[in-house]
Amino acid sequence: MESSIISSSGNRWIAAAASIWIQAILGGTYTFSTYSPTLNSSQSYDQSTLDTISVFKDIGSNAGVLAGLLYTTASSGPNRYGVPWVVHVVGAAEGFLGYFFMWLAVVGIIPRPPVPLMCLFMFLAAHSQTFFNTWNVVTSVQNFPDCSGTVVGLMKGFLGLSGAILIQVYKAFFKGNPSTYILMLALLPSIVSLSLMHLVRLCPNKTSEDKNNLNSMSIVSMLLAAYLMIILILEDILVFPHWARLVGFLVLLVFLSLPLKIATEANNKEKSQSQQPMPLKTDPLLLYHDDSTSNEPEKNLMGEENRESESVNLLEAMGSINFWLLFLAILCGMGSGLATINNMSQLGQSLGYNTSKINTLVSLWSIWNFVGRFGAGYISDSLLRQRGWARPLVMVIALGAMTAGHLIISSGFFGNLYIGTTLVGICYGALWSLMPTITSEIFGVLHMGTIYNAIAIGNPLGTYVLSVWVIGHTYDKEAGDNTSCLGVHCFMVSFFVLAFVSFLGFLVALTLFFRTRVFYRSVVLTRLHRSLKR
């Protein structure tokens with residue numbers, strides 16, 4: 001079996017490229033502001049009801065414990081290096097059913113469902129993302145163990161870009177028909193994931209070229225983000241004819257094909273290297289052996305005697321203070337960030353932005369989301385390797401900047417929405433990249449999918465309180481007897497509250513940093529340096 005693993009190790013690059021394609025079309029939840037007005041008008045919802053449905057979207061897209069457990073079960077035992085496609089199949093089925101029934105309700109094919117049933121449709125549609133995301137992210141971390149921050153940043157970064165990518169597909173083929181866009185969300189992710197799932201397999205290995213190849217993919221992702229930003233800016237200035245949008249879509253496909261080119265070249269190079277005799281120390285089974293521990297007991301981050309982090313399961317992780325500190329930081333930071341994007345449409349309308357500018361803000365959010373996801377992963381990797389800075393410090397910086405972003409949005413000065421959402425979007429994306437990587441470093445990779453999805457539940461919990469009980473109720477109170485509210489006052493108080501919550505997250509993350517900095521220096525860095533010397 002070991003020889004078969006070695007001979008297929010180059011397939012990890014094909015797996016990475018396939019994962020990128022799947023991640024790039026999963027962002028239906030990030031475009032909620034695009035189809036929520038149609039959902040609102042067709043079902044006659046008020047703002048609080050729409051926010052409640054939005055919260056079920058957030059719960060679904062973050063409640064990934066089931067996906068983590070399924071991944072751990074499917075990738076363990078005799079199938080450790082197999083291809084347990086069941087994770088992708090479950091995600092594809094859920095996504096199709098959720099969006100398809102939502103589309104049936106919007107176009108009137110089925111009677112208007114009660115609100116709890118619509119919440120169930122939204123939950124299923126969003127929950128499908130956790131299966132794809134868990135498999136792609138955890139598999140990538142195990143396939144590239146020495147570049148976990150960079151590879152998580154790539155996977156989460158393309159997921160962040162997916163909102164802008166889907167908006168471009170919408171404008172090229174379905175502009176002015178958001179109900180058809182909902183049908184596209186039912187079909188496209190399911191078809192793509194089922195087509196590519198056999199390529200996303202667990203085949204861990206590491207070579208001296210890993211960083212260079214990942215850097216090449218990173219450059220492609222940054223060029224794609226720059227291209228999308230240019231398109232968004234031009235759309236604010238010019239009116240694109242239909243043929244121009246089709247050309248823009250073709251250029252988008254060219255950018256998305258480049259990771260496959262890089263992966264194919266890296267794959268061929270690793271295959272040629274695998275034909276040569278390999279020293280014993282490169283046995284892949286040793287890649288997961290932690291030789292940084294000694295026979296002398298030393299205290300780890302949980303105050304227990306040092307043990308292999310790979311053995312920490314969800315229940316053991318929940319028994320540590322660091323788990324709950326990370327959970328609270330995510331609840332405060334991601335909760336306030338997601339509450340912002342969920343109310344982007346109403347926020348823009350209250351400040352006098354037209355539909356085109358609101359759609360631009362939603363797409364730009366995807367760009368900033370990508371910048372945060374990719375940037376935090378890459379920068380935290382560099383800071384850890386070169387300066388020995390514990391990764392939670394980057395989370396502290398992100399939450400501090402997010403607090404400033406919420407304050408800017410609440411101020412109401414001209415252009416505040418562009419500046420504030422830029423800051424909040426970058427920092428929100430950064431948290432999504434940092435949290436899984438920190439989880440893998442503190443608690444190990446064996447149960448990483450389950451643990452980081454459990455921590456991610458803090459996101460919808462925080463969003464529910466802030467979006468429904470703070471933003472929704474405050475907005476309806478300011479609107480009075482009207483169905484909509486106009487003016488800075490509509491959201492000012494709400495975003496002051498969001499700024500306070502994100503500042504609380506800043507303090508919690510700072511506590512986590514001080515608690516884990518010794519662990520990072522004595523365990524994580526030692527393990528990383530020894531791995532690089534092999």
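Using the UniProt record's numbering, the first residue of the sequence shown is number 1, and each one after it goes up by one. We treat Cβ as the ideally placed atom computed from N, Cα and C, and that holds for glycine. From a predicted model like this one, the values you see are computed outputs, not experimental measurements.
A398 beta carbon less than 8 Å from that of Y520: no
Short Cβ contact (8 Å threshold) for L461 with L331: Yes, these two residues count as a Cβ contact at 8 Å.
Expected contact under 8 Å - CB spacing of V87 and W135 to nearest Å: 5 Å
7 Å Cβ shell around I426 - same chain, five flanking residues per side excluded: Closer than 7 Å at the Cβ level, and outside the excluded window around I426, lie W368, V371, G372.
Identity of the residue in M402, S433, P436 nearest G420 by Cα: M402
I165 versus N322: straight-line alpha-carbon distance, rounded: 36 Å
Ordered list of alpha helix (DSSP H) runs contained in the region 326-387, each at least 4 residues: Entirely contained in the region 326-387, the alpha helix (DSSP H) runs reaching 4 residues are, in chain order, 344-350, 355-386.
Backbone secondary structure at G108 - three-state DSSP: coil
Distance between G248 and V200 (C-alpha atoms, nearest Å): 28 Å
Three-way DSSP call (helix, strand, coil) for F413 in this model: coil
Counted within 10 angstroms of its Cβ, other Cβ atoms place F414 as buried (16 or more) or exposed: exposed
Inter-residue spacing [alpha-carbon to alpha-carbon] between L159 and S61: 12 Å
The region 212-220 in contact with the region 113-120 per 3-pair CB rule at 8 Å: no
Own chain partners of P128 with C-beta closer than 6 Å, once the 5 adjacent residues on each side are dropped: A quick correction: the sequence has Ser, not Pro, at residue 128. Answer for S128: G91, E94, G95, listed in chain order.
CA-to-CA distance, L315 to I455, given in whole angstroms: 12 Å
For S33 and S257, believed in contact at Cβ under 8 Å, the rounded distance: So it is not a contact: roughly 29 Å between Cβ atoms.
CB of M435 within 8 Å of CB of L326, strictly: yes
Under 8 Å between C-beta atoms of L50 and S36: Yes; because the gap between Cβ atoms is below 8 Å, this pair is in contact.
Inter-stretch contact at 8 Å, needing at least 3 Cβ pairs: the region 486-495 / the region 349-359: yes
Nearest-angstrom Cα separation, counted from V396 out to F513: If you take the alpha carbons of F513 and V396, they lie about 8 Å apart.
Cβ contact check for the region 488-507 and the region 466-480: 3 or more pairs under 8 Å: yes
Residue ranges of each beta strand (DSSP E) within the region 205-248, 3 or longer: none
Burial state of L39, where buried means 16 or more other Cβ atoms lie within 10 Å: buried
The alpha helix (DSSP H) enclosing D476, as first and last residue numbers: 473-479
8 Å contact criterion, which D476 and Q47 should meet: CB distance rounded: 6 Å
Closest Cα partner of T264 within the set R517, A18, V523, M334: A18
A317 in three-state terms, based on DSSP: helix
P178, DSSP secondary structure in three states: Residue state for P178 is assigned as helix, using DSSP reduced to three classes.
Per-residue burial, residue 538 [other beta carbons within 10 Å of its own, 16 or more giving buried]: In the structure as shown, the chain begins at 1 and stops at 534. Residue 538 is therefore absent and cannot be evaluated.
8 Å Cβ shell around R515 - same chain, five flanking residues per side excluded: Closer than 8 Å at Cβ, skipping near neighbours: L301, I321, N322, L325.
Alpha carbon of G268 to alpha carbon of N143, nearest angstrom: Reading off the sequence, residue 268 comes out as Asn, not Gly. Approximately 16 Å, taken between the alpha carbons.
Separation of T360 from G153, as counted between CA atoms: 24 Å
Cβ-Cβ distance between V424 and G163 below 8 Å: no
Closest Cα partner of S44 within the set F56, V65, G28, G108: Checking every option, the nearest Cα to that of S44 belongs to G108.
Nearest to L466 (by Cα), restricted to the options A509, V493, A479, E478: V493
S42, enclosing alpha helix (DSSP H) - first and last residue: 32-43
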